[in-house]
Amino acid sequence: MNGVHSIVLRAVLAFGLSFALWSFVSFSENPEETARFEDLTLQVVGLRDDLIIVDANGIPTTTFPNVDVTLRTDRRQRSELRPVDIRVVADLSGLGPGDHVVPLNVQPTRSNLSFSVPANGVEPPTIDIRLEPLVTLTVPIKLEIVGSPPFSFERGTPELRSNGELITNVSVSGPQSRVIRVSAARTVANINQLRATYNAPLNLTPIDANNLPVEGVQVKPASITVIIPINPVVGLRLVPVSPIIIGSPAPGYLVSNVVVDPPLITLTGSSGPLDAINLLQTEAIDISDARETVVRIVPLIIPIGTSPAQGEPNAVQVTITVMPIPMPFQARLPVEVTLSGLGGDLQASVRPNVIEMTFAGTTDQLTALAATPLVVQLDLTNLGPGTYQFAVRPLLPGGVSIVGDPPEVTVTVVPIPTPTPTPEPEPSPEVEPTPTPDAG
1 MNGVHSIVLR
11 AVLAFGLSFA
21 LWSFVSFSEN
31 PEETARFEDL
41 TLQVVGLRDD
51 LIIVDANGIP
61 TTTFPNVDVT
71 LRTDRRQRSE
81 LRPVDIRVVA
91 DLSGLGPGDH
101 VVPLNVQPTR
111 SNLSFSVPAN
121 GVEPPTIDIR
131 LEPLVTLTVP
141 IKLEIVGSPP
151 FSFERGTPEL
161 RSNGELITNV
171 SVSGPQSRVI
181 RVSAARTVAN
191 INQLRATYNA
201 PLNLTPIDAN
211 NLPVEGVQVK
221 PASITVIIPI
231 NPVVGLRLVP
241 VSPIIIGSPA
251 PGYLVSNVVV
261 DPPLITLTGS
271 SGPLDAINLL
281 QTEAIDISDA
291 RETVVRIVPL
301 IIPIGTSPAQ
311 GEPNAVQVTI
321 TVMPIPMPFQ
331 ARLPVEVTLS
341 GLGGDLQASV
351 RPNVIEMTFA
361 GTTDQLTALA
371 ATPLVVQLDL
381 TNLGPGTYQF
391 AVRPLLPGGV
401 SIVGDPPEVT
411 VTVVPIPTPT
421 PTPEPEPSPE
431 VEPTPTPDAG
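full-length UniProt numbering puts the first residue of the sequence shown at 1, with every later residue one more than the last.
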């Protein structure tokens, strides 16, 4: 029995020594190292559809602090690790309305990556989140009319329309504490000295019971068309021209503006026919598959019983602006920081030398931007030893912009160390040979 026990002990000891030797060799060839990544973007997940994140004032927010992360991994993986390989997540799953302290977790973005997060490896380790119920309320539209038509003109009953339909109420959505303050959606129409029907799209502003704007909510629809008839009380009437446009631009294009010259035509006639006219139409203009601005001179359709006043034209010029549909996107790209202009007796370092920045633009613009490396060169001319902060602003093509504030890097300038000279050894004194007496 003692022999069996001795054999087992030897086997355990041999296994332990083998494991220790394997660990030592592995650690020597591929030791563990740490990697630090700064200013990582925080991603919030798990938010319920009926909740919204707000700031201390109850205003919806999607702005969160950037996060610094320190990871522990082996040397082989450390050499390949990039900021895009990890993400920092705040998981709101299961959280209801109220204030919460949410821990931040670091996750790999690819399956073949392994690392650990040491204690205090995430800065900050938590984030304060306030959640409110997301609610919707219906409120009336409040139209304020400023000014009056000139003498011999009168104002008719206003009409409020959305997509051609009469409308009196709109919906307001947002955080509950904000939405319950909204009593109406206000818009203002200025008809001072107008001689023709007022017809314009106007934005709506949510207001409270004191007629003050309420921030942090969305109004749907955000704008309406306000029509205020303005009619002459004699046999002349100034009527706006409304061109008839048929067809649609080519796919990917839209009509951004329509200009009529002249925009108003004075008609003459008896009061009956004139009272029935709110606008003057043109013959149809076809813009099917248009990819550029369309300019046409088109005849007016004059209603029976009326005619253009003396000196007024029978046709107008219509300019229809057609443009590509803008498609804003965002992309996060690396930017390398280099240094130049430093004095010959100085040396400098920059931290970090590669940063991730978010850019906004169209798909084509961002694709072209990502095709070549982005490099920002910092000019250190006339700078002496010290530590400096520089905002990184790459030179961008037209239409591309930086999302948020430009990040900063730290540049440290120090003198180049002067080498200490090595003293040369002094030569040994020469020894005169001693003459030997002649034996003869």
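Every residue gets a Cβ at the ideal spot worked out from N, C-alpha and C, and that includes glycine.
For residue i, which residues of its own chain have a beta-carbon under 7 Å away from its beta-carbon, when the five flanking residues on both sides are left out?
i	result
residue 164	none
residue 223	201, 202, 203, 204
residue 236	266, 268, 309
Taking residue i as the reference, which of the options has the closest Cα?
i	options	result
residue 257	100, 321, 176	321
residue 387	135, 144, 351	351
residue 293	324, 146, 162	324
residue 63	405, 359, 266	405
residue 138	331, 110, 167	167
residue 342	102, 112, 416	416
residue 230	264, 380, 220, 124	264
residue 125	410, 169, 103	103
residue 333	374, 364, 362, 348	374
residue 240	40, 282, 271	282
How close, in whole Å, do the beta carbons of residue i and residue j come, if the pair is a contact with beta carbons under 8 Å?
i	j	result
residue 43	residue 84	About 13 Å separates the two Cβ atoms, so there is no contact after all.
residue 133	residue 176	5 Å
residue 72	residue 37	With 8 Å as the limit, residue 72 and residue 37 do not qualify as a contact, their Cβ atoms being about 13 Å apart.
residue 355	residue 407	5 Å
residue 99	residue 128	7 Å
residue 179	residue 217	6 Å
residue 197	residue 278	5 Å
residue 161	residue 225	5 Å
Determine the extent of the beta strand (DSSP E) in which residue i is found, giving its start and end residues.
i	result
residue 132	126-146
residue 347	346-351
residue 80	Looking at the DSSP string, residue 80 is not in any beta strand (DSSP E); the run it does join, the alpha helix (DSSP H), is 75-80.
residue 164	No beta strand (DSSP E) holds residue 164; DSSP gives it neither H nor E.
residue 377	374-379
residue 47	Neither: residue 47 is in no beta strand (DSSP E) and is coded neither H nor E.
residue 261	253-261
residue 186	184-190
residue 316	315-324
Quick one: give me the first and last residue of the alpha helix (DSSP H) that residue i is part of.
i	result
residue 387	That residue, residue 387, is in no alpha helix (DSSP H); its beta strand (DSSP E) goes 386-391.
residue 300	No alpha helix (DSSP H) holds residue 300; DSSP gives it neither H nor E.
residue 362	Unbroken run through residue 362: none, as it is neither H nor E.
Once you ignore the five residues that flank residue i on each side, which residues in its own chain have a CB closer than 6 Å to its CB?
i	result
residue 295	319
residue 353	337
residue 377	338, 340
residue 78	33, 35
residue 449	Any property of residue 449 remains undetermined from this structure, which presents the chain solely from 1 to 440.
residue 439	Note on residue 439: pLDDT 47, under 50, position unreliable in the model; no value is reported.
residue 68	38, 123
What does a CB cutoff of less than 8 Å around residue i pick up in its chain, not counting 5 residues either side in sequence?
i	result
residue 195	149, 150, 153, 230, 232, 238, 264
residue 56	130
- Item | Stretch-stretch touch, CB-based, cutoff 8 Å, three pairs: the segment 182-192 with the segment 135-149 | By the Cβ criterion, the segment 182-192 is in contact with the segment 135-149, since at least three pairs of Cβ atoms, one from each stretch, lie closer than 8 Å.
- Any contact of the segment 205-219 with the segment 241-250, i.e. 3+ C-beta pairs under 8 Å? Touching, no.
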